[in-house]
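Here it is in structure tokens:
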């Protein structure tokens, strides 16, 4: 890891350039090195690892000084990371940080998350990356009380390193500052969003649907998962990789007649 | 698995309702049971696991008879699966099939793929699911020559089952019908897209970017990967799961001072 004066952080999110969580993350990182921020103009929650191939991508430079340069883009969180790595930065960043997300990215929510997709894009590119999320969906969520824990995690990542070929999915329990019991290394909980679409009729008498949903924990008894940790007021850290191969299933498939 | 007359397949894709690959997949599946098709109105390549939360989702019924019902939607491939499971179908489908994609979803391309996201959404919901892709990006790609292999894979999946908590990522080598050597069970290759944005200036003198890119295989020597199989004219099958936990990295993190 580079010395502090040479350290370069790339910061993005999926809630957009004006989100409080992004501001909190920038504030956290400023003492540790130089920063490039590039974040979506608008909220891009639920965009997962989407990339923009049908439309041109635009960039707007919002701020530039010796320590920090800030861009917004009409692209997705993953577009933002790609633009920074391939177009805007002269050298590879030492670390990519995404968030702090307004809302949970634990369990299977990681699959839908633009925040974690940005961290995973860093991972694919071999750059130590962390996504941070707070279990509070409010635009006015209070990030102040979790920054001291985020600082511990960032300092460990800088000193001890993020394990090779992984990124970290860090979730903070909802604003129970005084009750946080510690930080747990966890596995991803098995869960599913049970969607209930809200069906409405527009003024032209045509049906339309809004996606809503409720999370269902499929292993509520397990005690080594991120869901368990968060519900018991621990901060959860799940190391995440981008190799989706289900290795144990390869044997099963060798029975196939092919 | 249900008897043929009771079998229900859900079919979607990311190239859109009018894609030739979707037509080929429907043709493949028709002899095996009833079908619900729900596919995006337009191409949704690169949409990964994105869900639509900012805009209302609309549905259009295009066809309905005893054997088959066909919808299009303005949503993403994952929206399509969610709509079918939660709003359109009275019972769970026996299998979800996505594709046949026009272009490769091998190696890390799986992460960006709307086709494979649809299959993974099936997997999250505990439904046997397969994504099919042909390594030919042309809208006029010739799917006829691969259907006999797709049939073998479908019949194995119906008879022997897709391993629990996985879905299958099936890729067909580019149109070398006479040269296909067989079907290989593989792991996901480690690779990365090296993006080179094409920078242009619009009539208003503002810059914009188009995302382009070139795939780089990070382990060209490995012989057990989907990339190797495809480049040697084998069909690749990678069993895929949605637990992104990097289990070996959990030990490394236990060294952290937290």
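Chains as they are written, first to last, in this note's numbering: chain D, 5 to 262; chain Z, 5 to 262.
Every residue, glycine too, gets a C-beta built ideally from N, C-alpha and C.
Quick one: which chain Z residues come within Cβ less than 7 Å of residue i?
i, result
"residue 187 of chain D", "262"
"residue 50 of chain D", "54, 55, 57"
"residue 253 of chain D", "167, 170, 243"
"residue 196 of chain D", "128, 129"
Chain D partners of residue i, CB-CB under 8 Å?
i, result
"residue 68 of chain Z", "Going along chain D, no residue has its Cβ under 8 Å from residue 68 of chain Z, so there is no contact; the nearest lies around 16 Å."
"residue 213 of chain Z", "60, 61, 62, 63, 87, 91"
"residue 192 of chain Z", "247, 248, 249"
If you run the structure through DSSP and keep just helix, strand and coil, what is residue i?
i, result
"residue 48 of chain Z", "coil"
"residue 175 of chain D", "strand"
"residue 249 of chain Z", "strand"
"residue 195 of chain Z", "strand"
"residue 60 of chain D", "coil"
"residue 157 of chain Z", "helix"
"residue 133 of chain D", "strand"
"residue 185 of chain D", "coil"
"residue 72 of chain Z", "strand"
"residue 38 of chain Z", "strand"
"residue 105 of chain D", "strand"
"residue 145 of chain Z", "coil"
"residue 19 of chain D", "coil"
"residue 150 of chain Z", "helix"
"residue 9 of chain Z", "helix"
"residue 94 of chain D", "coil"
"residue 110 of chain Z", "coil"
"residue 43 of chain D", "strand"
"residue 227 of chain D", "coil"
Given a threshold of 16 other Cβ atoms within 10 Å of its Cβ, counted over all protein chains shown, does residue i qualify as buried or as exposed?
i, result
"residue 125 of chain Z", "buried"
"residue 110 of chain Z", "buried"
"residue 18 of chain Z", "buried"
"residue 103 of chain Z", "buried"
"residue 191 of chain Z", "buried"
"residue 205 of chain D", "exposed"
"residue 216 of chain Z", "exposed"
"residue 202 of chain Z", "exposed"
"residue 22 of chain D", "exposed"
"residue 261 of chain D", "exposed"
"residue 143 of chain Z", "exposed"
"residue 28 of chain D", "buried"
"residue 195 of chain Z", "buried"
"residue 86 of chain Z", "buried"
"residue 130 of chain Z", "exposed"
"residue 227 of chain Z", "exposed"
"residue 258 of chain Z", "exposed"
"residue 200 of chain D", "exposed"
"residue 148 of chain D", "exposed"
"residue 263 of chain Z", "This structure cannot settle anything about residue 263 of chain Z, because the visible part of chain Z is limited to 5 through 262."
"residue 238 of chain D", "buried"
"residue 152 of chain D", "exposed"
"residue 38 of chain D", "buried"
Under 8 Å between beta-carbons, which chain Z residues line up against residue i? List them in chain order, please.
i, result
"residue 258 of chain D", "189"
"residue 150 of chain D", "The premise fails here: residue 150 of chain D is roughly 14 Å from chain Z at the closest Cβ pair, so nothing lies under 8 Å."
"residue 83 of chain D", "215"
"residue 250 of chain D", "167, 169, 170, 243, 244, 245"
Run through chain D and tell me which residues come within less than 9 Å of residue i, C-beta to C-beta.
i, result
"residue 201 of chain Z", "61, 86, 87, 90, 91"
Please list the partners that residue i has in chain Z, where partner means a Cβ-to-Cβ separation under 9 Å.
i, result
"residue 16 of chain D", "Correct list: empty, because the minimum Cβ distance to chain Z is about 15 Å."
"residue 99 of chain D", "Those within 9 Å of residue 99 of chain D in chain Z number zero; the least Cβ separation is about 15 Å."
"residue 124 of chain D", "115, 248"
Below 7 Å on C-beta distance, what does residue i contact in chain D?
i, result
"residue 265 of chain Z", "Absent from the structure is residue 265 of chain Z, since the part of chain Z shown begins at 5 and ends at 262."
"residue 116 of chain Z", "53, 55"
Are the C-beta atoms of residue i and some chain B residue less than 7 Å apart?
i, result
"residue 101 of chain Z", "No chain B is part of this structure, whose protein chains are labelled D and Z."
Query raised in the report: At a cut of 8 Å, does the segment 187 to 197 of chain Z reach the segment 24 to 38 of chain Z through at least three beta carbon pairs?
Result: Counting C-beta pairs closer than 8 Å gives fewer than three between the segment 187 to 197 of chain Z and the segment 24 to 38 of chain Z, which falls short of the contact rule.
**Report entry** the segment 134 to 143 of chain D contacting the segment 154 to 164 of chain D, beta-carbon criterion three pairs below 8 Å
**Finding:** Taking 8 Å as the limit for Cβ pairs, the verdict is that the segment 154 to 164 of chain D does touch the segment 134 to 143 of chain D.
Requested in this report: Please name the residues in the segment 211 to 242 of chain Z whose beta-carbon is closer than 8 Å to at least one beta-carbon of chain D, in chain order.
Outcome: 211, 212, 213, 214, 215, 241, 242
Query raised in the report: Just checking, does the segment 63 to 77 of chain Z make contact with the segment 53 to 64 of chain D on the three C-beta pairs under 8 Å criterion?
Result: no
Query raised in the report: Pairing CB atoms from the segment 77 to 88 of chain D with CB atoms from the segment 218 to 232 of chain Z, are three or more of them under 8 Å?
Result: no
Requested in this report: Select from the segment 134 to 166 of chain D all residues with a C-beta closer than 7 Å to any C-beta belonging to chain Z, and list them in chain order.
Outcome: 156, 160, 164
Query raised in the report: Looking at C-beta atoms only, is the number of pairs between the segment 200 to 216 of chain D and the segment 212 to 224 of chain Z that lie closer than 8 Å three or more?
Result: no
Requested in this report: Give a yes or no on contact between the segment 44 to 52 of chain D and the segment 42 to 57 of chain Z, applying the rule of three or more CB pairs nearer than 8 Å.
Outcome: yes
Requested in this report: Count the C-beta pairs between the segment 115 to 130 of chain D and the segment 238 to 245 of chain D that are closer than 8 Å, then say yes if the count reaches three, no if not.
Outcome: Contact holds between the segment 115 to 130 of chain D and the segment 238 to 245 of chain D, because three or more Cβ pairs, one in each stretch, are under 8 Å apart.
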